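Student: Sharing a structure with you now.
In my numbering, the protein residues as written are 45 to 367.
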């Protein structure tokens, strides 16, 4: 899967619902090597320069599960944490939340290689390390547990029930709260994994199952929409359900597919942002994110084809009178 004009204090509480001005989360791709694929953005470390080439217009800075894990260099994590604190951004860490059965790989097990899945004790290891490094984690962002643990039906699918998915997620949240007892939990989901009719019929059940399994409600659900589809058929009813449950609603603004070029990707993001604005849906969170080859650079903000330039464009537009 956040972000943000620094107009709030370091940590902005997500309650009550109607009191929250829209938070903007920023989730740029990092420069860590993943297998044989080259990193998407080599300039990631320069986001945290003493005089960065962007306006730091974010409320929350979100790092990937990979960077947050034991694979994340200590120096990088400390640098991001210090930068976020200095610029009054809350710090969020992405996680795989739905636990499989086995601590170590087992031939034929469900969940192996499936996005969003994790193994028992892995989150405990990750967050114990982050705590020992002095990292101030305010949010965890779950990588689509309902999407991949319940609905996903391809290779190594688990197809857990909604209640079983919630119980497996609760085990991860309990691990994390050993070290960060007050962390806020944000659930990112891709509702178009199933039909709008099925999603909308199941969504309240998911919120209830999570609350029952963890003892607390979700703090927010952020939708990862497929812009090629009539996304409001899923997102509009769910946003209303969230607000009735006093849970915040958010949406990721990204491109439409990978994009043919940096310019093409940024143009698509602007079009999608305008679509969100036109919808008039009351989103409490907007996450500016990227996990595709385009745009290929985060910086500088002054270049119209970078991710920080799009962040600045979004922040400027949403604060214009009448927007």
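A virtual CB, placed ideally from N, CA and C, is assigned to each residue, including glycine. As the structure is a computational prediction, the values presented were derived from the model and not from experiment.
(1) Classify residue 345: buried if its beta carbon has 16 or more other beta carbons within 10 angstroms, exposed otherwise.
(2) Opposite residue 368 in the DSSP bridges: which residues?
(3) Report the option in 257, 153, 104 whose CA atom is closest to the CA atom of residue 203.
(4) Inspect the CB distances between the stretch 287-300 and the stretch 322-337 and report whether three or more fall short of 8 Å.
(5) Measure the C-alpha to C-alpha separation of residue 284 and residue 247 and round it to an integer number of angstroms.
(6) Spell out the partners DSSP gives residue 67 in its beta bridges.
(7) Identify the continuous beta strand (DSSP E) that holds residue 231 and give its terminal residues.
(8) Is it true that the CB of residue 309 sits closer than 8 Å to the CB of residue 339?
(9) My parser needs the beta strand (DSSP E) runs of 3 or more residues fully inside the stretch 176-215; what are they?
(10) Since residue 146 and residue 216 should fall inside the 8 Å C-beta cutoff, what is the C-beta to C-beta distance between them, to a whole number of angstroms?
(11) For residue 267, which three-state DSSP category applies?
(12) Can you find the residues in the same chain that come closer than 7 Å, C-beta to C-beta, to residue 312, ignoring five residues on each side of it along the sequence?
(13) Where residue 350 and residue 111 are concerned, what is the direct C-alpha to C-alpha distance, given to the nearest angstrom?
(14) Roughly how far, in whole angstroms, is the beta-carbon of residue 343 from the beta-carbon of residue 90, given that I think they are within contact range, below 8 Å?
Tutor: For this structure:
(1) buried
(2) This structure cannot settle anything about residue 368, because the visible part of the chain is limited to 45 through 367.
(3) 153
(4) yes
(5) 11 Å
(6) 329
(7) 228-233
(8) yes
(9) 183-187
(10) About 15 Å separates the two Cβ atoms, so there is no contact after all.
(11) strand
(12) 299, 300, 303
(13) 21 Å
(14) 6 Å
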